[in-house]
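In what follows, a single structure is set out as structure tokens and then discussed.
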Amino acid sequence: GDDADLVPRPPVVTVMGHVDHGKTKTLDAIRNTNVVAREAGGITQHIGAYQVATTHEGEERKITFIDTPGHEAFTAMRARGAQATDIAVLVVAADDGVKPQTIEALNHAQAANVPIVVAVNKVDKEGADPTKVRAQLTEYGLVAEEFGGSTMFVDISAKQGLGIDSLLEAILLTADAELDLRANPDMDAQGLAIEAHLDKGRGPVATVLVQRGTLRVGDSIVCGEAYGRVRAMLDDNGDTVEEADPSRPVRVLGLTAVPRAGDNFLVVTDDRMARQIAQERAARQRIAEMAKAGR
Ligand code: GTP
Ligand code: NA
Ligand code: MG
3 GDDADLVPRP
13 PVVTVMGHVD
23 HGKTKTLDAI
33 RNTNVVAREA
43 GGITQHIGAY
53 QVATTHEGEE
63 RKITFIDTPG
73 HEAFTAMRAR
83 GAQATDIAVL
93 VVAADDGVKP
103 QTIEALNHAQ
113 AANVPIVVAV
123 NKVDKEGADP
133 TKVRAQLTEY
143 GLVAEEFGGS
153 TMFVDISAKQ
163 GLGIDSLLEA
173 ILLTADAELD
183 LRANPDMDAQ
193 GLAIEAHLDK
203 GRGPVATVLV
213 QRGTLRVGDS
223 IVCGEAYGRV
233 RAMLDDNGDT
243 VEEADPSRPV
253 RVLGLTAVPR
263 AGDNFLVVTD
273 DRMARQIAQE
283 RAARQRIAEM
293 AKAGR
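Per my numbering, the very first residue in the sequence shown carries number 3; after that it's consecutive.
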């Protein structure tokens with residue numbers, strides 16, 4: 003579309019890092035302090051992604067977090083050619099320092115050209131050495147401001163909920179400094195499946211991230227080889243929503259099959275078109291698999 007149609011959208015963030023360095027705890031701490039408009043009595047659901055709101059330089063800003071095991075989801079989506087993430091938060095435990103999966107994670111982010119914010123976690127622990135973490139990471143091109151570089155490092159304790167607001171601030175500062183995150187909300191939606199499963203009662207349920215346009219209940223969509231009409235959408239509070247704008251994750255009900263993480267989705271004119279595209283994709287997939295098998 004036209005440049006004039008583009009409006010700012012929230013950054014989409016993945017949390018990565020070595021095993022047990024506190025990725026889940028960090029995501030929980032962020033979620034607990036800043037969930038968008040949580041309804042009284044609303045049941046918080048794990049939907050694979052959530053959005054938080056925070057005040058930044060006097061403005062309300064949103065950030066979307068992909069809440070699946072960061073590393074695997076990131077790698078799986080990248081392998082399928084999908085780029086869901088704008089910024090990676092690299093969690094490093096200050097008592098343990100840089101470890102093999104820390105390096106693997108930062109390599110993935112750097113290869114994908116995704117800016118990194120470092121969360122130096124567990125600063126509450128005895129033996130925590132945040133300065134050492136900064137020194138170690140300079141070797142990998144992540145140079146803290148106090149070492150003369152431009153990577154943002156934030157000391158946090160996910161356990162005690164310390165430094166979480168500063169982390170959100172650092173994410174937004176990095177987004178504003180390094181990225182131009184805009185999308186056109188006034189078009190048919192496109193985006194990605196983040197995770198999906200078969201629900202006994204509701205059938206296929208897919209968490210999708212809208213990347214462009216606005217997704218609405220009643221839209222006919224194709225998602226990978228699955229298709230269908232959006233029967234209902236749920237946000238990360240489990241509340242039903244009628245529409246989802248760019249960077250917003252929602253659970254979609256109404257697909258005929260379970261898509262895979264990293265599958266693209268798009269809105270098409272009607273159900274027939276959706277089925278046709280899905281069937282063509284499935285046929286192409288079968289041919290590709292046959293070719294691969296050497297038949
Ligand atoms: P995997 O998903 O298994 O790779 O681990 P993870 O990176 O998600 O780590 P997780 O959040 O599960 O935390 C691992 C352990 O460290 C848990 O026992 C947490 O309670 C603990 N932990 C996480 N953050 C902190 C922290 O800030 N301080 C302290 N003291 N413990 C923490
Ligand atoms: Na763990
Ligand atoms: Mg975890």
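Just so you know, even glycine gets a beta-carbon here, dropped at the ideal spot from N, CA and C.
Owing to the predicted nature of the structure, the values given are computational and were not obtained by experimental measurement.
For P102, there is no enclosing beta strand (DSSP E); the residue is part of the alpha helix (DSSP H) that begins and ends at P102 to A113. In the three-state reduction of the DSSP assignment, P10 falls in the strand class.
For G24, the Cβ falls inside the 8 Å cut-off from some heavy atom of the ligand GTP.
V9 sits away from N239, with the two beta carbons spaced by 9 Å or more. Apart from the 5 residues on each side of it in sequence, D131 sits with its Cβ closer than 8 Å to the Cβ of A96, D97 and G99 in its chain, given in chain order. The bridge partners DSSP lists for V260 come to none. Leaving aside the five residues that flank D221 on each side, the residues in its chain whose CB is nearer than 8 Å to its CB run, in chain order, D190, A191, R231, V232 and V269. The alpha-carbon separation between G205 and C225 amounts to approximately 15 Å. Rounded to whole angstroms, the separation of the alpha carbons of G165 and V243 is 32 Å. N34 has its CB no nearer than 8 Å to any heavy atom of the ligand GTP. Scanning M235, G256, L257 and S159 for the CA closest to the CA of D247 turns up M235.
Inclusion of V116 and V156 in the CB contact set at 9 Å is not warranted, their separation being larger than that value. Taken atom to atom, the span from the alpha-carbon of L29 to that of E291 is near 37 Å. Counted as a single uninterrupted DSSP element, the beta strand (DSSP E) harbouring P206 occupies residues G205 to R214. In chain order, H20 place their CB closer than 7 Å to the CB of K101, counting only its own chain and leaving out the 5 sequence neighbours on each side. The residue among N123, I223 and E147 with its C-alpha nearest the C-alpha of T176 is E147.
In the DSSP assignment, A195 falls within the beta strand (DSSP E) that extends over Q192 to D201.
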